[in-house]
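A.B. asks:
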Ligand code: ADP
Ligand code: MG
């Protein structure tokens, strides 16, 4: 008895996966594990949970009373997909719910639960059998996020356990089913991995209803892809027939910059203004109107996009046929020859571009993960009548969200990725080329509603030679102490024997165990045991300690959990909770760059200057706590002030912090306080909305805790350990003063955003982060033993 709104019924029958409902349900009922592959937009995420629901999964009293769980690598997807499925089934959010780190709509009557993969991993620590679930769907498995990989490994064991217990007739235990969904056909790491699934699971391929997408490569690769994206979008908009444009860029700043530029050119208001300008400058006021009527605007004409070349090499369909001898020097803008009509002349005198003034308005929507969720949802709304939808997005739109009505894709070919150097812990946010598989996914977004076009802002030669075939699984790129601790807390002691879809490097694994050992989370194997295991070629993994078990209860990196567990003295817990919440969410402060927008033609106005002054005053206020001895105190101060003010948008404007970050910190504080209350009965829980400033003694204790928490991340002023030219020099600020950090061969420097940047450089500091840009910076700095 399922009732769906009429428009949903109409849209559903068009989804390729709906035709496969029966074979999919049969496979799921007959096999413990099923893999489903289907193009993005074929209906996997929204429909498979509904098939299961209609087959009785998730209804109390049925054969499969447990909930239907679906994991997503991204919060945006978990929230928006739960809302969509609730709408399709006409059910409230208490039945079709979501849970992410900061938020949840789950209730005792939830039957379909969307969650991030991290949330499910955490549930396994307290309920290894996942008794609340009858089926778990791991979505977006092709992305190979670390949590997804680990979940698949753990669930392969949980399935076996549940089945054994059910066969032995254990009361109330029913088998668990696992569905793995992927947007690509490359599932061999799961399907053909005998240690993972001894019986290979069936793979169901959902026939793609993908229209052909024509790929256009640029003849040359421009390094300024942001400007190039604006140019290309301008051409598409002024010359090609209606249809949404989806632009892939790498991050928030680029996205807001491009949105601003497009808004200034084609926003409804901007166009209105330009037309008024033209009209009042023209001698015959109705002349331009008439001309405009007579003119067929290319963007409205009924021509086939295939007929229009925008000055790139064309390659049909997704099959790529590369011409290596292509002339790389030919001007890609050669086709820009506007005829010289009278109107064009007038426009030129006015500094206007006729094509642009006559264009239809653009409805421009940004999409990135730091955007507030209600704004993220705007991409699903149809654009106003008579305007063209333009979505400017990070790779969130690559496979997680299908945006309707996209006909053109503009792909910069790059993505921003967090990279760690496992050896020294230096992290860098690097913009680098995506894989060929990702580029194909991006192109595919243009072919959902009809034939489409993908404009790649790079050459086909570059694509052929520089792009990897597939992206590397995250577990090969990131430190894994968090997941290792989680696994140990589930009593998976021999992590080396764990059925990873792709095993991490030995070095990464031993580094993780070393960090956990330092933090006291793992008992140290004796040197004799180590010698024996090395001799027999196995590794003796340390077992989790009581401290480690307590640490694993928190949804935080092990280092932060450790600070919490040992932070229960002198009434410091509320402060420590605030600090680790803020460090987990990320720096809430807007930095000076954000105030001086990159727009080259924007002069410094007096209001800019006033704003900058306010910025520095505000920064100073928050730095004063603890007399400039720690960046962390500045964060603590702003969190306290935010709570004291009762939160709110205005506070964030006045204090130059990000609202979304502050809200997340607030929620994480509440959540951590609850965990503390439940597990440390003796502790003062510490979540008081009014957080008073710490006293002198408390500040001292907090500084000691920070030092202990980051003791393996210390830096010493270089001239104090090495005889250098500058030894003995008295510095007035830390600017340009080199430090040596443990395990890092290069010199490191205190980041300019630090409270210590403008004061004399301390000899010893600990830091929370190493970041490489032009040089290696230390961030989140705390002075050890200030004078
Ligand atoms: P897949 O998971 O296979 O990529 P989805 O189930 O996410 O596919 O999407 C199926 C269809 O549902 C797509 O056409 C998509 O545009 C549509 N859709 C998804 N979410 C929404 C939403 N919030 N509003 C409107 N349409 C949506
Ligand atoms: Mg999906």
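Numbering (full-length UniProt numbering), first residue to last: 354 to 1140. Note that beta-carbon positions come from the ideal geometry of N, C-alpha and C, so glycine has one too.
(1) Going straight from the alpha carbon of residue 1059 to that of residue 487, what length do you get?
(2) Whole alpha helix (DSSP H) runs in the segment 521-557 with 4 or more residues, listed along the chain?
(3) Can you tell me whether residue 807 is buried or exposed? The criterion is at least 16 other CB atoms within 10 Å of its CB, across all chains shown.
(4) Less than 6 Å separating the Cβ of residue 537 from some heavy atom of the ligand MG?
(5) Do residue 391 and the ligand ADP come close, with the Cβ less than 6 Å from some heavy atom?
(6) Report yes or no: do three or more beta-carbon pairs, one from the segment 789-805 and one from the segment 447-464, lie closer than 8 Å?
(7) Heavy atom of the ligand ADP less than 6 Å from the Cβ of residue 437, yes or no?
(8) Give me the pocket residues for the ligand MG, defined as CB within less than 6 Å of any heavy atom, sorted by chain position.
(9) Please report how far the alpha carbon of residue 871 lies from the alpha carbon of residue 929, in whole angstroms.
(10) Between the Cα of residue 598 and the Cα atoms of 1131, 825 and 757, which residue gives the shortest distance?
(11) Tell me which residue opens and which closes the alpha helix (DSSP H) that residue 632 is part of.
(12) Below 8 Å on the Cβ atoms is my contact criterion, and I expect residue 1021 with residue 578 to pass it. Report the Cβ-Cβ distance as a whole number of Å.
(13) Look up residue 1005 in the DSSP assignment and say whether it is helix, strand or coil.
(14) Skipping 5 residues on each side, what residues in its chain have a beta carbon closer than 7 Å to that of residue 368?
(15) Put residue 443 into one of helix, strand or coil per three-state DSSP.
(16) With hydrogens ignored, establish whether the beta-carbon of residue 1229 is closer than 6 Å to any heavy atom of the ligand ADP.
(17) Is there contact here, the segment 548-566 with the segment 404-418, by at least three beta-carbon pairs under 8 Å?
(18) Can at least three beta-carbon pairs, one atom from the segment 896-907 and one from the segment 841-850, be found at a separation below 8 Å?
(19) Can you list, in chain order, the residues of its chain with a C-beta nearer than 6 Å to that of residue 747? Leave out the 5 residues immediately preceding and following it.
(20) Decide if residue 1128 is buried, meaning its Cβ has at least 16 other Cβ atoms within 10 Å, or exposed.
(21) Give me the Cα-Cα distance between residue 760 and residue 565, rounded to the nearest whole angstrom.
(22) Bridge partners of residue 567, per DSSP?
(23) How is the beta strand (DSSP E) around residue 1132 delimited, first residue to last?
(24) Name the DSSP beta bridge partners of residue 467, please?
(25) Going along the chain, which residues of its own chain have a beta-carbon closer than 8 Å to the beta-carbon of residue 582, five neighbours each way excluded?
(26) On the three-state DSSP scale, how would you describe residue 490?
(27) What does the alpha-carbon distance come out to for the pair residue 726 and residue 1018?
(28) Between residue 918 and the rest of its own chain, which residues show a CB-CB distance below 7 Å, the 5 nearest in sequence each way excluded?
(29) Do the CB positions of residue 473 and residue 424 come within less than 7 Å of each other?
(30) Out of curiosity, what's the CA-to-CA distance linking residue 377 and residue 415?
(31) Specify the secondary structure class of residue 913 as computed by DSSP and reduced to three states.
(32) Looking only at its chain, what residues have a beta carbon closer than 8 Å to the beta carbon of residue 876, apart from the 5 residues adjacent to it on each side?
(33) Would you tell me roughly how many angstroms separate the C-alpha atoms of residue 509 and residue 549, rounded to the nearest one?
(34) Check for me: the beta strand (DSSP E) holding residue 756 runs from which residue to which?
(35) May I have the straight-line CA-CA distance separating residue 1085 from residue 604, to the nearest angstrom?
(36) If residue 386 sits next to residue 531, beta carbons under 8 Å apart, how far is it from one beta carbon to the other, in whole angstroms?
C.D. replies: Answer, in terms of the structure:
(1) Across the structure, residue 1059 and residue 487 are spaced so that their CA atoms are roughly 43 Å apart.
(2) Counting only runs of 4 or more, we get 541-544.
(3) The residue in question, residue 807, is buried, as its Cβ has 16 or more Cβ neighbours within 10 Å.
(4) Incorrect: residue 537 has no Cβ contact closer than 6 Å to the ligand MG.
(5) Yes, the beta carbon of residue 391 sits closer than 6 Å to at least one heavy atom of the ligand ADP.
(6) Here the segment 789-805 does not lie against the segment 447-464, with fewer than 3 beta-carbon pairs under 8 Å apart.
(7) Indeed, a heavy atom of the ligand ADP lies less than 6 Å from the Cβ.
(8) Around the ligand MG, the residues whose beta-carbon falls short of 6 Å from at least one of its heavy atoms are 397, 398 and 492, given in chain order.
(9) Taking the Cα positions, residue 871 is about 20 Å away from residue 929.
(10) The shortest C-alpha separation from residue 598 is found at 757.
(11) 621-634 is the extent of the alpha helix (DSSP H) around residue 632.
(12) The Cβ separation is near 35 Å, so there is no contact.
(13) In the structure shown, residue 1005 sits in a helix (DSSP, three-state: H, G or I).
(14) If you ignore the 5 residues before and after residue 368, its C-beta comes within less than 7 Å of the C-beta of 395, 396 and 400, all in its own chain and listed in chain order.
(15) It is coil, neither helix nor strand.
(16) No answer is possible for residue 1229: the residues shown for the chain start at 354 and end at 1140.
(17) Between the segment 548-566 and the segment 404-418, the count of Cβ pairs shorter than 8 Å is below three; the stretches do not touch.
(18) A contact is defined here as three or more CB-CB pairs under 8 Å, and the segment 896-907 meets this definition with respect to the segment 841-850.
(19) Beyond the five residues adjoining it in sequence on each side, residue 747 comes within less than 6 Å, by CB distance, of 721 in the same chain, given in chain order.
(20) Result: exposed.
(21) One C-alpha to the other measures close to 11 Å.
(22) As computed with DSSP, residue 567 is found in a beta bridge with 806.
(23) Residues 1129-1132.
(24) In DSSP, residue 467 forms a bridge with 423 and 451.
(25) The beta carbon of residue 582 sits closer than 8 Å to the beta carbons of 600, 602, 611, 763, 765 and 810 from its chain, once the five residues preceding and following it are set aside; these are given in chain order.
(26) DSSP places residue 490 in the strand class (E or B) of the three-state scheme.
(27) About 16 Å.
(28) The residues are 900, 903 and 904.
(29) One thing to note: residue 473 has its Cβ within 7 Å of the Cβ of residue 424.
(30) Straight-line Cα distance between these residues: approximately 20 Å.
(31) Residue state, collapsed to three classes: helix.
(32) 895, 896, 897 and 898, listed in sequence order.
(33) One alpha carbon belongs to residue 509, the other to residue 549, and they sit about 6 Å apart.
(34) First-last for residue 756: undefined, no H or E at that position.
(35) Distance between the alpha carbons of residue 1085 and residue 604: 36 Å.
(36) With a contact defined as Cβ atoms closer than 8 Å, residue 386 and residue 531 qualify at about 5 Å.
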